[in-house]
Structure formats: structure tokens, C-alpha cells
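For what it's worth, numbering that gives the first Met the number 0 labels the leading residue of the sequence shown as 0, then goes sequentially.
For each residue, glycine too, the CB sits at the ideal point set by N, CA and C.
As the structure is a computational prediction, the values presented were derived from the model and not from experiment.
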Amino acid sequence: MANQNQNQNQNQNQNQNQNQNQNQNQNQNQNQNQKKQKEDFSVKETTPNISAGRVIVGDRLPTSFDLVEQMQFLFARVVRAKDLPETGGSGPCNPFVEVKLGSFKGTTRVFEKTSNPEWNQVFAFSKERIQEQVLEIVVNEKEVGSGADQKDSFIGRIVFTISDIPIRFPPDSPLAPQWYKLEDQNGVKLVHGELMVSVWMGSQADESFPDAWHSDATTTNVENIAYTRSKVYISPRLWYLRVNVIQAQDLFLKNKSGNNEIFIQGVLGNLALRSCPVKINPNPSWNEDLMFVAAEPFDESLLLSIEQGQGNSNKHESLGSCMIHLKDVERRIDATPTASVWYNLEKPKELEGKEEVTFNTKLNLRISLDGGYHVLDEATHYSSDLRPSSKYLNKPSIGVLELGILNAVGLSPMKKDRTDAYCVAKYGPKWVRTRTIVDCLSPRWNEQYTWEVYDPCTVITIVVFDNGYIHGGKNGGGKNGDVDKRIGKVRIRLSTLESDRIYTHSYPLINLHTQGAKKMGEIQLAVRFSCPSLLNVLQTYAQPFLPTMHYICPLSMFQLESLRNQAAAITTLRFKRAEPPLSKEVVEFMLDVRANVWSMRRGRAQFYRIAGLLSGLVSFVKKIEELRSWKSSVKSIVGYFIFLFIIFKPGVILPATFTFLFFKGIWRYRLRPRYPSHMDMQLSHADTATNEELEEEFDNFPTKLSGGNLSKKYDRLRGISGRVLAVMGDLATQGERVQSLISWRDPRATTLFLIFCLVAIIFTCFISFRVILFLWVTYLLRHPRLRFDLPALPQNFLRRMPAKSDSML
């Protein structure tokens with residue numbers, strides 16, 4: 000009995016300890032959720048000191064950068080030197096120049112064995128950080144040697160007083176450089192040695208600003224200073240390459256036994272695609288399309304080969320191949336099919352030396368570069384460009400988008416209590432990158448960029464990154480294999496912006512990682528969408544969302560997803576060749592490459608979006624149930640007489656509906672959104688996601704988990720779930736677009752819809768409901784010859800409505 004009591008006490012103690020641990024974990028989760036709720040994730044309106052829309056008075060000079068705060072910089076251009084004296088050596092010196100202003104020092108590259116070097120480098124010092132009143136430009140000689148005590152030799156210098164430096168603003172021409180005699184350390188002019196320089200005060204609107212060395216972007220590694228400069232990138236113009244494989248003739252089969260099959264393999268760049276396998280046959284036929292993405296100027300070649308073997312394995316042998324140069328491929332802009340061509344295949348390597356073997360294998364193909372499509376390289380819901388690939392199909396622009404990237408506040412340290420932040424903004428084919436502000440948690444960029452707008456129902460994406468390449472070696476890699484880490488993302492839909500209005504807001508930067516969602520700071524932006532003709536903007540709402548070819552010759556969802564991944568890979572490779580390059584992680588995050596990978600968090604968010612749409616139907620059913628159950632006799636009787644009135648007067652249904660929608664839209668005008676949309680934590684369910692769900696979301700695809708068949712099944716499940724997730728998102732988006740008709744999220748579209756409702760009220764009052772129903776059914780059941788391939792006007796209008804997907808993380 001005593002032992003039993005002891006065991007019972009031990010079990011009770013263990014249960015109490017487990018309960019305590021569970022309570023502690025619950026308390027920790029509650030505390031974390033409370034901390035997240037305390038953080039302010041809202042958009043705040045700001046009042047920056049910008050000159051847009053104001054009268055220029057006093058000493059403020061006009062500038063084209065009217066959406067950013069004007070910043071003053073001291074520029075020093077070091078052009079060249081001549082007749083530099085020797086410093087003790089028997090030959091010419093190894094000169095370089097140091098530009099010193101207080102504690103800041105910029106250095107040019109070193110020229111070996113020359114007395115007349117030419118640098119042509121510009122140095123920029125922020126006026127806010129100027130502490131000295133003297134700018135010193137020193138010419139030194141680099142001593143040859145590897146000793147630790149090796150010091151550079153002084154040749155001469157030039158000294159400028161800050162107060163005497165002239166002020167220059169564009170559109171003034173560049174300041175002409177002048178020759179200056181070098182002085183020694185005592186201020187005495189040297190007999191030999193002159194330096195050509197120009198020094199002036201300017202702003203970020205100066206044409207020398209992007210390529211200058213900046214004092215707020217200094218690094219210990221001069222070789223990687225290019226990684227800190229602001230640049231503009233243009234993504235390559237992409238086309239769809241359609242390879243229609245028809246049939247082959249006179250195949251030289253190697254092994255007719257076994258389970259071997261025949262298929263076509265196409266290789267373009269680093270991508271290989273295969274057709275469906277067919278049974279062994281000397282004259283097989285496929286009639287199948289292989290779709291690739293090709294980039295101008297089409298320098299690559301397409302390699303096509305007929306393979307014999309197992310289609311689902313790498314064990315196969317070539318039966319012949321041919322090389323097709325993309326420059327020779329026909330380009331088309333409509334659905335007119337190209338002529339089929341027979342291509343003679345080359346012998347396989349094992350048959351090249353056997354002349355007795357007759358090889359007459361031919362392949363019948365239709366190959367075309369389709370320029371009537373828009374090559375999707377980003378998610379459809381966040382598209383920034385909808386124009387076709389061919390320039391001949393492009394329409395004129397309807398407006399201009401201007402973005403001012405002002406500053407960021409309260410950034411979280413990304414590496415060793417420091418952050419080297421820069422911004423990347425993408426709209427259409429134009430990508431912009433601001434300069435990197437080194438070791439600053441509240442950087443000020445104040446850079447302004449402009450894009451042409453061809454469709455208002457597009458989205459601009461702005462992302463803040465931490466630069467991980469400025470402290471590495473020659474290849475740009477960080478010391479510890481660092482990469483550019485994302486800090487936060489902002490998306491703004493142009494159709495939600497009023498014309499010619501300047502939006503100055505501070506947006507929260509939310510970073511989602513395996514430990515949860517965290518606010519990384521705030522970024523202040525100024526946005527203006529200007530359109531000279533409102534009629535041109537309104538006409539786009541009646542046009543198809545995508546180019547005509549997407550509806551005449553539609554591509555499957557599987558093809559679009561595969562082609563989108565190809566386009567992202569081509570863009571990534573092209574930007575790697577730029578200087579400074581945009582890293583792979585930057586391009587993939589900007590293009591949302593992992594948007595369709597399964598995520599439990601996103602699945603739950605999409606489910607609640609759908610549930611929110613059905614809440615109105617559920618409430619209507621509850622009201623009917625209340626009337627049927629006679630909870631309120633007055634309401635039930637009134638509802639019954641309304642039903643009888645509708646039965647005997649069905650013609651009032653449509654006028655009453657449109658009247659309700661009209662006044663509902665008018666009533667919601669006072670509740671219209673005042674701020675642009677932003678990343679919503681609660682809508683994305685980022686604040687309630689568990690660590691296990693986040694680890695699954697950030698797992699690579701295919702997964703890194705081991706387990707053979709388990710890993711394959713898991714990846715297959717994730718692939719299928721990703722498609723289900725995309726369908727759920729599309730369903731929720733369609734419902735939210737219907738809601739946005741009267742939500743004033745897109746003020747122009749809501750105005751058009753309310754005008755339509757007003758016209759419909761008048762129309763339905765004078766025309767019988769039976770006539771309207773007859774016309775609608777007749778139009779719906781019309782003969783296919785009387786139908787058009789393009790979508791109808793209401794469908795085009797609804798496709799352009801904004802949805803809450805813009806605010807999804």
C-alpha cells in the first residue's frame with residue numbers, strides 16, 4: 000500500500016509538472032502574440048519637406064526631384080594630373096589621390112609608372128556630415144612592397160575652403176575642371192606637378208550623383224564600392240518560343256526490344272524539356288508543343304534531339320539531333336500558324352564513322368517566336384506590366400508614375416548590430432536600386448524615379464534589403480557566405496491612387512521567417528500617378544486584361560507556371576551580369592518565385608477570405624430562418640407581404656436591386672479608404688502561424704528532408720496543395736473584386752459602376768422584366784458563330800478590380 004501511494008504521488012507530481020510546462024508555453028505564446036499586437040503595423044500619413052505642389056520661395060531652388068527632400072552634397076571630381084615629380088625613385092611614380100574632408104577619406108585607383116595619370120572619379124560628401132571647413136585633395140605615391148611598415152609618399156596637395164565652393168543645380172551645365180598647382184605641406188607651390196579638379200555644391204539631382212563615391216557608403220573594401228551605388232536595370236525583353244513537334248521519318252532504331260520509348264528532347268540554355276513518349280516506330284508522330292522562354296537579342300541556339308529509352312529516367316540514347324539558331328526562327332504576332340519545315344538530323348556520335356549506314360532521319364517541326372503574348376515573370380495578381388512582347392503591338396502610355404524613396408526609420412540590425420540598407424523598386428521592365436547607406440538604422444536615400452504607365456491596374460513593388468556583398472572579396476561574396484537579406488516589402492496598386500495626388504506615407508516593413516513575423520522598421524515613400532487624359536485611363540477598363548493571344552490560343556496553368564519559372568531564371572542570369580549585379584535572392588523575392596508553394600499559413604488565410612465572402616449569404620439565410628421561425632411577428636408579417644408583392648410585381652426586382660446598390664455605393668463614399676493598401680498581418684495570418692508551419696513554408700522545393708519515398712510523396716503533396724492554394728486564392732480574389740465595385744478602393748471604377756447602376760435603374764423602369772430575361776437568355780444561347788473569342792466587357796471590367804491579395808504577405 001505504501002508503494003502504491005508513493006507511485007500515485009509521483010504520477011501526480013509528473014502530471015503537475017507537465018501541466019506547469021504547458022501553462023508556461025501557453026503563457027509564452029500569449030506574451031508573444033501580445034507583443035505582436037502592440038506593434039503598430041498600420042500605414043501613417045507623413046508630411047515630408049518636399050517641394051511638390053508648392054510655390055518655390057526664398058533660397059529654395061527649383062529641382063526636378065520634387066517628391067523627395069533636397070539633400071546637399073559636396074562634389075569633387077578628380078580628372079587627371081601632369082608632370083608629377085619623382086619622390087626618390089629612379090623612374091616615374093605610382094600616383095593616387097586621397098580626397099579628405101574631416102574624418103571621411105576617399106581614394107582613387109593607383110596608376111603604376113606614370114607621371115600623367117587620368118582618374119576621372121567623383122567623390123560626394125553629405126553636407127550634414129561636414130564638420131571641417133577645409134577640403135583637402137592630396138596626391139600620394141604608392142610604395143611598392145609588402146612590408147607592414149610600408150608608407151605612401153607625399154607628392155602634393157590642393158586645399159579648398161568650403162565657404163568658397165560654388166553652388167550648381169541642374170539644368171546648369173557641368174562645372175568645368177581647372178588645373179591647380181600642387182602645394183607642399185607648408186603651402187608652397189611646387190615647381191612641377193599640376194592636378195585638374197572641379198569642386199562644387201550640388202544635390203541628388205546632379206548627373207554625377209549615381210556614379211560618385213559617397214561618404215555615407217564608405218567600406219573598408221574599395222573593390223566592392225560598386226555594390227553601394229544606385230543603378231537602373233532593364234529586364235530583358237522575353238518571348239515565348241513555341242516548338243510544335245509534328246512527326247519524324249526514317250528513324251535508325253538501335254534496340255527494338257524491351258520497354259523503350261521514343262521522345263523529343265529540346266535544350267535551350269540550361270533548360271531541357273521532353274515531349275510525351277510514344278511507342279517504338281520508324282515514323283512516330285507527336286503533334287505536341289514544347290514551350291520555352293527566349294530573351295532578345297536571341298543569341299542562343301535550340302538543340303533538338305530524338306531520344307530512345309525510358310522517358311522517366313536518364314538512361315536514353317540519341318537517334319539524331321539538329322541545331323536551330325533563334326535568329327533564324329520566324330516571329331509572329333497573331334494566331335496565324337507558321338509553315339512546317341522538315342529538318343535533317345545529324346548522325347549520333349557512334350554512327351559518325353560508319354559510312355555504310357544510311358542515315359536519312361528527318362524531323363517535321365513548326366517553330367515560332369510568339370510576340371503576341373505577355374511573358375509573365377511575376378504573379379498575375381501583382382503584375383506590373385501587361386504589354387505583349389512585340390513592340391508593334393504596344394499602345395501609347397496613359398500616364399506617368401513617380402516614386403520618391405525618402406528614408407527608413409527604426410530598422411532592425413541584420414548583422415552584428417548594423418544594417419547596410421538599400422531599396423529595390425520594380426515596375427514593368429524597369430528595376431531601380433538605390434545607393435547603400437552603410438551602418439545606419441535610419442538611412443536617408445531621397446532618390447526619385449519615374450516610370451511610364453500603360454495600364455492603371457498594375458502594381459509597383461518596393462523592397463528593402465540588407466547588403467551582404469560589400470565586405471567580401473573580388474567576387475562580391477560576403478566573408479561568411481552572406482547574402483542580401485530581405486527586410487520588408489511594400490506593394491502599391493496604381494488603380495487605388497487618385498490622379499495627380501501625392502501620397503506621402505510611412506509603410507511598415509514586415510519580415511516573415513521561420514521564427515514568425517516581425518516588424519523590421521518603417522519606410523517613407525512619396526507616390527504620384529499622373530494621367531493627362533482621364534478618358535484614356537477609363538478606356539482601359541473595357542479592354543482585355545492580357546493581350547489577345549492569351550484568349551485566342553490560351554496556355555494551360557501548368558505551362559504558365561513553368562514558363563514563369565523560366566522567365567525568372569533568365570532575368571536572374573541577366574542581372575548577374577550587370578555592375579553592380581542584382582543577386583539571385585533579390586530577383587526571386589521581387590518576383591515572388593515561391594508564391595505557389597504550399598503554405599499552411601496562406602491556406603488558412605485563403606480559407607478565411609472565402610469565409611468572409613460567404614458571410615453575407617450566411618447572414619441572409621439566418622434572416623430567412625428568423626422570419627420562418629416567427630421570432631418577431633411583425634417582421635414575419637412584413638416579410639410575407641414583401642414576398643407577395645414581389646410575386647405579383649416581379650418587374651420591381653431589378654430596379655430595387657440597382658437602387659440599393661446605387662445608394663449603398665453613395666453611402667460608402669464617406670467610408671472610402673484614405674490610405675493605400677499595405678501588408679496586413681491579420682489578413683495574412685502571420686501573427687498566428689506556428690513555428691512548424693513556418694518551417695514548412697520556408698522549406699526548399701524539393702525538400703531537404705531525407706527519407707526516399709517519403710520525400711517524394713511529401714513534395715508531390717506540396718505541389719498539389721500549391722495548386723489548390725492558387726485556386727483558393729483565385730476564388731477569393733474574384734469575390735473581393737465584386738465587393739470592390741462599391742468599396743471606392745478604385746475610385747474611377749466605382750464611379751463608372753455607379754453610373755451604370757443609375758442608367759440601369761432608368762432602363763429597367765421602362766422595360767419589362769420578361770423582355771430583359773428574354774434578351775439575356777437569347778444572348779446567352781446564341782450560336783457559336785455569333786460569339787467572339789475575346790472576353791466580354793463586364794468580364795474585362797471585373798478583372799481589373801482590386802482585391803485584398805495586394806495586402807497578402
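Please look up how many angstroms separate the CB atoms of residue i and residue j, rounded, as I've assumed it's under 8 Å.
i	j	result
Leu-252	Ile-279	6 Å
Val-526	Tyr-550	In fact, because the Cβ distance is near 32 Å, the residues do not count as touching under 8 Å.
Phe-74	Gln-203	About 11 Å; that fails the 8 Å criterion.
Ser-388	Arg-236	6 Å
Ala-604	Leu-682	6 Å
Gly-664	Thr-763	Contact flag wrong, Cβ pair sits at about 17 Å.
Met-548	Ala-334	7 Å
Gln-447	Leu-402	7 Å
Val-328	Gln-565	About 17 Å separates the two Cβ atoms, so there is no contact after all.
Ser-529	Val-399	5 Å
Glu-140	Ser-152	4 Å
Could one say the Cβ of residue i lies closer than 7 Å to chain B's Cβ atoms, at least one of them?
i	result
Asp-729	Among the protein chains of the structure shown there is no chain B, as only one such chain exists.
By DSSP, does residue i sit in helix, in strand, or in coil?
i	result
Ser-382	coil
Pro-649	helix
Met-534	A quick correction: the sequence has Leu, not Met, at residue 534. The answer is helix: DSSP assigns Leu-534 an H, G or I state.
Phe-103	strand
His-470	coil
Ala-516	strand
Trp-498	One detail in the question is off: residue 498 reads as Ser in this sequence, not Trp. Strand, per DSSP.
Glu-135	strand
Arg-667	helix
Tyr-232	strand
Lys-361	strand
Met-322	strand
Phe-124	strand
Ala-525	strand
Thr-46	coil
Gln-130	coil
Gly-371	coil
Tyr-778	helix
Val-482	coil
Tyr-342	strand
Gly-268	coil
Gln-21	Interpretation of Gln-21 is limited by its pLDDT of 49, a score under 50 that renders its predicted location unreliable; the figure taken from the coordinates is listed afterwards. Looking at Gln-21 - three-state DSSP - the assignment turns out to be helix.
Pro-507	strand
Within the same chain, show all residues whose beta-carbon is closer than 7 Å to that of residue i, passing over the 5 residues directly before and after it, in chain order.
i	result
Asn-28	Here Asn-28 scores only 49 on pLDDT, less than 50, and its place in the model is too uncertain to base an answer on.
Glu-287	Val-244, Ser-274 and Cys-275
Glu-578	Ala-225
Pro-281	Asp-249, Leu-250 and Leu-252
Output needed for residue i: all residues of its chain with C-beta closer than 8 Å, excluding positions within five of it in sequence on either side, in chain order.
i	result
Ala-685	Ile-509, Leu-511, Gly-515, Ala-516, Arg-600 and Leu-808
Ser-162	Gln-132
Gln-21	Confidence at Gln-21 is low in this model, with a pLDDT of 49, below 50, so its placement is unreliable and the value that follows should be read with caution. Closer than 8 Å at Cβ, skipping near neighbours: no residue.
Asp-591	Glu-377, Ala-378 and Tyr-381
Lys-361	Ala-247, Gln-248, Asp-249, Trp-341, Tyr-342, Asn-343 and Leu-344
Asn-795	Tyr-540, Ala-541, Gln-542, Pro-543 and Phe-544
Asp-483	Phe-464, Asp-465, Asn-466, Gly-467, Tyr-468, Ser-582, Glu-584 and Val-585
Among residues of its own chain, excluding the 5 on either side of residue i, which ones have a beta-carbon nearer than 6 Å to its beta-carbon?
i	result
Pro-507	Phe-40, Lys-518 and Glu-521
Leu-272	Gly-265 and Leu-289
Thr-106	Glu-97
Ile-323	Leu-301
Thr-435	Ala-216, Thr-227, Asp-419, Tyr-421 and Asn-466
List the endpoints of the continuous alpha helix (DSSP H) containing residue i.
i	result
Trp-285	It is not in any alpha helix (DSSP H) - Trp-285 instead sits in the beta strand (DSSP E) that spans 284-294.
Gln-565	556-575
Met-200	That residue, Met-200, is in no alpha helix (DSSP H); its beta strand (DSSP E) goes 188-202.
Glu-695	690-696
Ala-759	746-765
Gln-681	680-683
Val-458	Element bounds for Val-458: not the alpha helix (DSSP H) but the beta strand (DSSP E), 458-465.
Arg-608	599-627
Val-242	Not the alpha helix (DSSP H): Val-242 falls in the beta strand (DSSP E), residues 237-248.
Lys-314	Unbroken run through Lys-314: none, as it is neither H nor E.
Residue range of the beta strand (DSSP E) that residue i falls in?
i	result
Ala-75	71-81
Gln-794	Premise fails: Gln-794 lies in the alpha helix (DSSP H), 792-798, not in any beta strand (DSSP E).
Lys-583	Looking at the DSSP string, Lys-583 is not in any beta strand (DSSP E); the run it does join, the alpha helix (DSSP H), is 583-589.
What beta strand (DSSP E) runs, 3 residues minimum, are completely inside the segment 386-449? 398-408, 420-426 and 429-432
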